[in-house]
Amino acid sequence: MILFNKIIKHPSAIHPNTLAYHMGDNLDWAKKGVNISNWTDDISSYKGIYWLRAEFDLSKAPPSIEKKILILAIQGSYEVYANGVFIGKNGKVGHSAKEEIAGFLDQKFILPENLSNQENLQIALRISNHQKQNLTKIPYLQYNNYHEYFKLKMQQAALLNTFSGIFLIASLYYFFLYFVSFRHLRYFLFAALCLSLFLLIVITFSRNHWSFKYPDYKTWYLMATWLKLLSAITLPAFLIENFQIPRKSLLTISCILLVTVSHFTFKDEELASSFISVFISTILTIWAIFKKRLGSWEALAGLFIFLLGAMTFDLSIFIGFAVLVIANLFSLAVVQKQDKRLYEASLLRSSRLELELLKKNIKPHFLMNTLTNIISLIESEPKISIHLIESLSEEFHLLNFMTDKKLVPLEHELKLCQSHLKVMRIRNDIDYKFDIQSDSSIIKIPPAVIHTLLENGITHCEPINGMVKFDLSVKKKNKEVTIKFISKGKIEGKSIKEKEGTGLYYIRSRLEESFPGKWNLNYYHLKDYGWQTIINYVL
Numbered sequence: 008m009i010l011f012n013k014i015i016k017h018p019s020a021i022h023p024n025t026l027a028y029h030m031g032d033n034l035d036w037a038k039k040g041v042n043i044s045n046w047t048d049d050i051s052s053y054k055g056i057y058w059l060r061a062e063f064d065l066s067k068a069p070p071s072i073e074k075k076i077l078i079l080a081i082q083g084s085y086e087v088y089a090n091g092v093f094i095g096k097n098g099k100v101g102h103s104a105k106e107e108i109a110g111f112l113d114q115k116f117i118l119p120e121n122l123s124n125q126e127n128l129q130i131a132l133r134i135s136n137h138q139k140q141n142l143t144k145i146p147y148l149q150y151n152n153y154h155e156y157f158k159l160k161m162q163q164a165a166l167l168n169t170f171s172g173i174f175l176i177a178s179l180y181y182f183f184l185y186f187v188s189f190r191h192l193r194y195f196l197f198a199a200l201c202l203s204l205f206l207l208i209v210i211t212f213s214r215n216h217w218s219f220k221y222p223d224y225k226t227w228y229l230m231a232t233w234l235k236l237l238s239a240i241t242l243p244a245f246l247i248e249n250f251q252i253p254r255k256s257l258l259t260i261s262c263i264l265l266v267t268v269s270h271f272t273f274k275d276e277e278l279a280s281s282f283i284s285v286f287i288s289t290i291l292t293i294w295a296i297f298k299k300r301l302g303s304w305e306a307l308a309g310l311f312i313f314l315l316g317a318m319t320f321d322l323s324i325f326i327g328f329a330v331l332v333i334a335n336l337f338s339l340a341v342v343q344k345q346d347k348r349l350y351e352a353s354l355l356r357s358s359r360l361e362l363e364l365l366k367k368n369i370k371p372h373f374l375m376n377t378l379t380n381i382i383s384l385i386e387s388e389p390k391i392s393i394h395l396i397e398s399l400s401e402e403f404h405l406l407n408f409m410t411d412k413k414l415v416p417l418e419h420e421l422k423l424c425q426s427h428l429k430v431m432r433i434r435n436d437i438d439y440k441f442d443i444q445s446d447s448s449i450i451k452i453p454p455a456v457i458h459t460l461l462e463n464g465i466t467h468c469e470p471i472n473g474m475v476k477f478d479l480s481v482k483k484k485n486k487e488v489t490i491k492f493i494s495k496g497k498i499e500g501k502s503i504k505e506k507e508g509t510g511l512y513y514i515r516s517r518l519e520e521s522f523p524g525k526w527n528l529n530y531y532h533l534k535d536y537g538w539q540t541i542i543n544y545v546l
C-alpha cells in the first residue's frame with residue numbers, strides 16, 4: 008500500500024481551516040474580512056439561498072509559479088468569490104426552483120495569480136439549493152496545484168482502469184465457467200463479487216470523467232451504496248461456499264443480515280459494512296485454515312493486506328479489494344485445480360465403468376455358452392434358436408445404447424433385463440419370473456444397475472420348484488428414488504456377505520459417479536430364500 012500512497016493522496020492539496028454558513032442573502036458577505044463569529048457550522052436541512060465561507064492558510068504552501076485551482080463538490084448552484092473578487096459561477100443562483108438553474112456537483116475554478124500568491128485565501132460562496140433532495144453531503148473544498156492535480160488524476164485513472172480490468176475479466180471468466188462448464192456456486196459468487204467491484208469503481212469514480220448536476224447526486228449515491236452493500240455481502244458468501252463450511256445456508260443468511268444491518272445502522276455506512284464483511288470473512292478463513300481447506304492461507308493473506316491499506320473509502324479501499332480479489336483468485340485457482348483433477352478422475356472412472364459394463368455382459372464364457380446353445384438348437388429347435396438369436400441381439404443393442412451414458416430411462420433398463428431373461432430362460436431351461444412395480448417409467452437410473460442385480464440373482468440363486476422369481480419396486484418421492492429388488496431362490500454355499508464382488512462394486516461406482524454423496528445401498532439375506540437389495544438416491 009505504501010507504493011500507492013503518492014497516487015492515493017494529493018501531496019499539494021490544502022483544505023480549509025474553517026467552514027461557516029449563514030442563511031439569507033447579502034452580497035456584502037462576499038467581501039474579505041467579514042466577521043463570521045455569529046455564523047453556524049451546519050445548514051444541511053436548509054433550502055434556499057445561503058452563504059458559505061471557507062478560509063485557507065497558504066503560508067505553508069510550497070512556492071510555485073504554476074496555476075492554482077479551487078476544487079468544489081457542493082449540492083447547489085453557486086457563485087464563487089475569492090478574497091472578495093468574483094471568479095466564477097456554477098449554474099444560476101435563484102430565489103426559487105423555477106428561477107434557479109442547477110449547477111454541476113463537481114466544479115473547478117482557476118484562481119488569479121495575485122490571489123494564489125497570498126498567505127490567506129478567503130472563499131465565499133453564494134449558494135441556492137432549491138432542487139436538493141432529502142440527502143445531504145458535506146461540501147468539499149480543496150486548493151491545489153493545477154498541474155499536480157491533473158497529473159495525479161491521470162495516475163489514479165490508470166490505476167483504476169487496471170483494477171477495473173482485473174475485476175471485469177475475472178467476473179466474465181468465472182461467469183463463463185459457471186454457465187458453460189462447472190456449475191459450482193462458488194464460481195458464480197466470485198464472479199458476482201468481481202462484477203460488483205467493477206461497477207462500484209465505474210460508478211464511484213465516474214465523477215472524475217463525467218460530471219452531473221447536483222439534483223442527480225441522490226441517484227448516483229444510491230447506486231454506489233447498493234453496490235458497496237452487494238460486494239460486502241458477496242465476499243463472506245463466496246468464502247462459505249468456497250471452503251464448504253457446514254450449515255452453509257444458515258451461515259450465509261446470518262452473514263447477509265449482519266452486514267446489511269451494519270450498513271444501515273452505523274453512521275459511516277460506507278466503511279461499516281465493508282469492514283464487518285472483512286471481519287466475518289477473516290473468521291471464516293481462519294476456520295478454513297484449521298480445517299486445512301485448500302486456498303485458505305492465500306485468502307487470509309489477501310484479507311490482511313486489505314485491512315492494512317483500506318482505512319478510508321477512497322481509492323485505497325479499491326487497492327485493498329484488488330489485492331483481496333487477486334489473493335482469492337489464487338485461492339480459487341488452487342481449488343479449481345483440485346476440481347479439475349477430480350473431474351478428470353471421474354472421466355477415467357466413467358470410462359472404466361463403461362468398459363466394465365461391456366466386459367461384464369460380453370464375457371467369453373457367456374458368449375461361448377450362448378453360441379453353443381444356438382448351434383445345438385439350430386438342428387433340434389430352429390424356431391427357438393431364432394428366438395434366442397433375436398433376444399441376444401436385442402440385449403446387445405440395448406447394452407450398446409447405454410454404454411456411454413451416466414443415466415438412462417427406467418424403461419430402457421427394464422427392456423435390457425427382459426431381453427437378458429429371454430436368453431437365460433432358453434439357456435438354463437429355468438422359469439425366471441420378473442414382477443415390476445413402478446411409479447413412473449420416466450425415472451432415470453445409472454445403466455445396468457438393475458440388470459446387475461438380476462444377473463447376480465441368476466448366478467447365485469437355485470430354482471425352487473423349477474422357478475426363480477425376481478420382484479422389483481421403484482418409487483419416487485419428490486427427488487428421492489427408492490429401488491427394492493428381491494431375488495427369490497435357494498442360495499447354496501457362502502452367505503451373501505461373502506459373495507460381494509464385482510457386481511456390487513460396479514453398482515456402488517455407478518451410484519457415486521451419478522449421485523456423489525447422495526446415495527445408499529443395503530442388502531439383506533432373507534430367512535427362507537434369496538436376498539433383498541435396497542438402493543436410495545436423490546436426483
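Everything in the sequence shown is counted per our numbering, starting at 8 for the first residue and increasing by one.
Glycine is no exception: its CB is placed at the ideal position from the N, C-alpha and C atoms.
*Got a sec? Which residues, its chain only, sit under 7 angstroms from Glu-248 by beta carbon, not counting five neighbours each side?*
Position 241 of the sequence shown, counted from the start, is the residue given in the question as residue 248. The residues are Leu-192, Arg-193, Leu-196 and Lys-255.
*Which stretch, first to last residue, makes up the alpha helix (DSSP H) that contains Tyr-181?*
One-based indexing of the sequence shown puts residue 181 at position 174. That run of the alpha helix (DSSP H) goes 153 to 183.
*Using alpha carbons as the reference points, say which of Gly-83, His-419 and Ile-293 lies closest to Ser-52.*
In the sequence shown, residue 52 corresponds to position 45, counting from 1. The residue with the shortest Cα to Cα distance from Ser-52 is Gly-83.
_Using C-beta distances below 6 angstroms, list every residue in its chain close to Tyr-185, excluding the 5 sequence neighbours before and after it, in chain order._
For the purposes of this step, residue 185 is taken as residue 178 along the sequence shown, with counting starting at 1. These residues qualify, in order along the chain: Tyr-194 and Phe-195.
*So does Lys-422 have its beta carbon nearer than 8 angstroms to some heavy atom of the ligand FMN?*
In the structure shown, the ligand FMN is absent, as is every other ligand, since no ligand is present at all.
*Along the beta strand (DSSP E) that carries Gly-95, what are the first and last residues, could you check?*
Against the sequence shown, residue 95 aligns to sequence position 88. Note, Gly-95: beta strand (DSSP E), 92 to 97.
_Cross-strand partners of Ser-281 (DSSP beta bridge)_ = As a position in the sequence shown, residue 281 is number 274, starting the count at 1. Partner(s): none; Ser-281 has no beta bridge.
*Where Asn-435 sits in the DSSP three-state scheme*: Numbered from 1 along the sequence shown, position 428 holds the residue referred to as residue 435. In the structure shown, Asn-435 sits in a helix (DSSP, three-state: H, G or I).
*Quick one: what does DSSP say Arg-193 is sitting in, helix, strand or coil?*
As a first step, residue 193 is located in the sequence shown; it is residue number 186 there, counting from the start. It is helical.
*Find the nearest neighbour of Leu-421 within the set Leu-175, Ala-164, Pro-454 and Asp-113, judged by alpha-carbon distance.*
As a working note, residue 421 is residue 414 in the sequence shown. Closest option to Leu-421, Cα to Cα, is Pro-454.
*Do you know whose CA, among Glu-126, Ile-130, Val-92 and Ser-135, lies nearest Glu-106's CA?*
Within the sequence shown, numbered from 1, the residue matching residue 106 stands at position 99. The option with the nearest alpha carbon to Glu-106 is Ser-135.
*Report the rounded CA-to-CA distance for Thr-211 versus Lys-235, giving the unit in angstroms.*
For the purposes of this step, residue 211 is identified with residue 204 of the sequence shown, where counting begins at 1. For the purposes of this step, residue 235 is identified with residue 228 of the sequence shown, where counting begins at 1. C-alpha separation (whole angstroms): 10 angstroms.
*Would you kindly check if the distance between the Cβ of Ala-131 and the Cβ of Lys-54 is under 9 angstroms?*
As a working mapping, residue 54 is identified with position 47 in the sequence shown. As a working mapping, residue 131 is identified with position 124 in the sequence shown. Cβ atoms of Lys-54 and Ala-131: not closer than 9 angstroms.
*asked:* My assumption, with CB atoms under 8 angstroms, is that Ala-80 sits in contact with Pro-23. Please give the rounded CB distance.
replied: Locating residue 80 in the sequence shown gives position 73, where the first residue counts as 1. Locating residue 23 in the sequence shown gives position 16, where the first residue counts as 1. Contact flag wrong, Cβ pair sits at about 13 angstroms.
*Distance, Cα to Cα, Glu-120 vs Gly-98?*
The sequence position of residue 120 within the sequence shown is 113, counting from 1. The sequence position of residue 98 within the sequence shown is 91, counting from 1. Their backbone Cα atoms lie some 24 angstroms apart in a straight line.
*For Ala-80: DSSP bridge partner residues*: For this step, residue 80 is matched to residue 73 along the sequence shown. BP columns for Ala-80 point to Asp-113 and Tyr-147.
*Would you list the one or two residues that DSSP bridges to Lys-75?*
Position 68 of the sequence shown, counted from the first residue, corresponds to residue 75. Lys-75 is bridged to Leu-118 and Asn-152.
*Arg-190, buried or exposed, once every other Cβ within 10 Å from all chains shown has been counted against 16*: Locating residue 190 in the sequence shown gives position 183, where the first residue counts as 1. Counting Cβ neighbours within 10 Å, Arg-190 comes out exposed, since fewer than 16 surround it.
*If we count the other Cβ atoms within 10 Å of its Cβ and call it buried at 16 or more, is Gly-473 buried or exposed?*
Walking along the sequence shown from the start, residue 473 turns up at place 466. Under this definition Gly-473 is an exposed residue.
*Rounded to whole angstroms, how far is the Cβ of Gly-510 from the Cβ of Glu-469, which I believe are closer than 8 angstroms?*
For the purposes of this step, residue 510 is taken as residue 503 along the sequence shown, with counting starting at 1. For the purposes of this step, residue 469 is taken as residue 462 along the sequence shown, with counting starting at 1. Not quite, the Cβ-Cβ distance comes to about 18 angstroms (not below 8 angstroms), so this is no contact.
_Buried versus exposed, by CB contacts within 10 Å (16 or more), Ile-547_ = Residue 547 cannot be examined here, being either before or after the span of the chain that is shown, 8 to 546.
*With a Cβ-Cβ cutoff of 9 angstroms, do Ile-21 and Leu-65 count as a contact?*
Counting from one through the sequence shown, the residue named residue 21 turns up at place 14. Counting from one through the sequence shown, the residue named residue 65 turns up at place 58. Yes, the pair counts as a contact, with Cβ atoms nearer than the cut-off.
*May I ask you to report which of helix, strand or coil DSSP gives Lys-429?*
As a working note, residue 429 is residue 422 in the sequence shown. It is helical.
_Alpha-carbon to alpha-carbon, Ile-290 and Thr-540_ = Sequence index remark: in the sequence shown, residue 540 carries index 533 (1-based). Sequence index remark: in the sequence shown, residue 290 carries index 283 (1-based). Their backbone Cα atoms lie some 45 angstroms apart in a straight line.
*Kindly indicate which three-state DSSP category Leu-533 falls into: helix, strand or coil?*
Numbered from 1 along the sequence shown, position 526 holds the residue referred to as residue 533. Coil, per DSSP.
*Do Leu-242 and Val-285 come within 9 angstroms of each other at the CB atom, strictly closer than that value?*
For this step, residue 285 is matched to residue 278 along the sequence shown. For this step, residue 242 is matched to residue 235 along the sequence shown. Cβ distance < 9 angstroms, so Val-285 and Leu-242 count as in contact.
_Backbone secondary structure at Ser-494 - three-state DSSP_ = Taking the first residue of the sequence shown as 1, we reach residue 494 at position 487. Three-state DSSP puts Ser-494 in a strand.
*Hey, how far is the Cα of Phe-219 from the Cα of Lys-139?*
Here residue 219 refers to the residue found at position 212 of the sequence shown. Here residue 139 refers to the residue found at position 132 of the sequence shown. C-alpha separation (whole angstroms): 13 angstroms.
*Can you tell me where the beta strand (DSSP E) with Ile-50 in it begins and where it stops?*
Mapped onto the sequence shown, residue 50 falls at position 43. It is not in any beta strand (DSSP E) - Ile-50 carries neither H nor E in the DSSP assignment.
*N-terminal and C-terminal residue of the alpha helix (DSSP H) that His-458 is part of*: Counting from one through the sequence shown, the residue named residue 458 turns up at place 451. From DSSP, the alpha helix (DSSP H) with His-458 extends over 456 to 467.
*Helix, strand or coil: how does DSSP classify Ser-238 here?*
On the sequence shown, residue 238 is found 231 positions in, with the first residue counted as 1. The answer is helix: DSSP assigns Ser-238 an H, G or I state.
*Leu-257: first and last residue of the uninterrupted alpha helix (DSSP H) it sits in*: Counted from its first residue, the sequence shown places residue 257 at position 250. First-last of the alpha helix (DSSP H) with Leu-257: 255 to 272.
_Which residue wins for smallest C-alpha separation from Gln-251, given the options Phe-271, Lys-440, Ser-203 and Gly-302?_
As a working mapping, residue 251 is identified with position 244 in the sequence shown. Selected option, being the one with the closest Cα: Gly-302.
*asked:* Under 8 angstroms: do the stretch 86 to 105 and the stretch 151 to 167 share three or more Cβ pairs, one atom per stretch?
replied: no
_I'd like the list of long-range same chain contacts for Lys-412, defined as Cβ closer than 8 angstroms, with 5 residues on each side in sequence excluded._
Working through the sequence shown from its first residue, we reach residue 412 at position 405. Pro-454, listed in sequence order.
*Tyr-544: which of Lys-486, Tyr-530 and His-532 sits nearest, CA to CA?*
Here residue 544 refers to the residue found at position 537 when the sequence shown is read from its first residue. Nearest C-alpha to Tyr-544: Lys-486.
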